[in-house]
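Each remark here refers to the structure printed beneath this line.
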Amino acid sequence: MEGFPRRRYEQNQRYSKSNPTINLMTQELSDLELIENVQSDVDVQESLTQLINRHSGIYLDMVNVYASPNSPFIDYEDLIKDKDFKIYQAAKNYDPERGAKFSTYLGNETKWMCLNLYNRNKRKPAFQSEFLENLSSAEGIEIDSISESIKNDLFNKVLSIIKHHPDKRVEKIFKMRYITGSKNKVMPWKNIGDEMNLSIQGCINIHNSAVRHVQNELKEEI
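Going by the numbering used here, the sequence shown opens with residue 259, and the numbers climb by one from there.
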């Protein structure tokens, strides 16, 4: 993901698990003092834990406002899982000289992270264009007659169906192909096969079976 910061964060996590003693003194420290510890690699995990305890609510509030669990353009669950790491990143990058409190800085960083993810992924036409072509092959479905707002609702329904598909490989394949993509295009089947440890044809078969499943679920919606 973010290379060195991620590795350093994971190293601190492992150190904390092998040294479970909690420095209660960090509870008395201000946000700025805790951040100085994190930036100086001093009592990092204890200081980070205090920051997480104090500011997780701000991060989660921003994610819930600016990212939808059903959005086809943002992986909501990944944002929730990355909460502690994102707070760590914010602490490492925070500059008190700019005048904003850490809570304000974290909230703004989280807001713009969500908006940038949404806008960047929304500009990728692959998900709508190619998947709509797949859907339009179903008898009785005329995609060209559907308005943009209805298309967006449709994609939310598609993502929900895919998310609850009994074959968990389906969600992974669809996310790689249509959301993660590759250079603003759908991800090639070879790349997906390598990631899934499946043959290209195996991935295509799983995908096509899921498309038929989605078509059947959506026929009454369109």
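Yeah, the Cβ is synthetic: ideal placement off N, Cα and C, and Gly gets one too.
Could you compute how far the alpha carbon of residue 464 sits from the alpha carbon of residue 309?
In the sequence shown, the residue the question calls residue 464 occupies position 206. In the sequence shown, the residue the question calls residue 309 occupies position 51. Distance between the alpha carbons of residue 464 and residue 309: 44 Å.
Using the three-state DSSP reduction, which class does residue 430 fall into: helix, strand or coil?
As a position in the sequence shown, residue 430 is number 172, starting the count at 1. Helix at residue 430.
From residue 300 to residue 449, what does the alpha carbon distance come to, in whole angstroms?
Residue numbering aside, residue 300 sits at position 42 when the sequence shown is read from its first letter. Residue numbering aside, residue 449 sits at position 191 when the sequence shown is read from its first letter. Going from the Cα of residue 300 to the Cα of residue 449 covers about 41 Å.
With distances taken from CA atoms, which of 345, 297, 302, 416 is nearest residue 318?
Position 60 of the sequence shown, counting from 1, holds the residue named residue 318. Residue 318 has its Cα closest to that of 345, out of 345, 297, 302, 416.
Could you give the DSSP three-state label for residue 443: helix, strand or coil?
Against the sequence shown, residue 443 aligns to sequence position 185. Strand, per DSSP.
Cβ-Cβ distance between residue 288 and residue 316 below 9 Å
Looking up residue 288 in the sequence shown gives position 30. Looking up residue 316 in the sequence shown gives position 58. No, the pair does not count as a contact, with Cβ atoms beyond the cut-off.
Cβ distance (whole Å) where residue 335 is taken to contact residue 419 below 8 Å:
Start at 1 with the first residue of the sequence shown, and residue 335 comes out as number 77. Start at 1 with the first residue of the sequence shown, and residue 419 comes out as number 161. 16 Å between Cβ atoms; not a contact.
Quick one: any contact between the segment 363-380 and the segment 339-354, if contact means 3 or more CB pairs under 8 Å?
Cβ pair count under 8 Å is three or more, so yes.
Give the DSSP-derived three-state secondary structure of residue 341 in the structure shown.
Sequence index remark: in the sequence shown, residue 341 carries index 83 (1-based). Residue 341 falls in the helix class under three-state DSSP.
Can you tell me which of 460, 430, 290 puts its alpha carbon nearest to the alpha carbon of residue 357?
Your numbering for residue 357 matches position 99 in the sequence shown. Considering only alpha carbons, the answer is 290.
What are the boundary residues of the alpha helix (DSSP H) that includes residue 473?
One-based indexing of the sequence shown puts residue 473 at position 215. Segment 458-476, the alpha helix (DSSP H) holding residue 473.
Among 454, 326, 469, 466, which residue has its Cα nearest to the Cα of residue 376?
Mapped onto the sequence shown, residue 376 falls at position 118. With distances taken between CA atoms, residue 376 lies nearest to 326 out of 454, 326, 469, 466.
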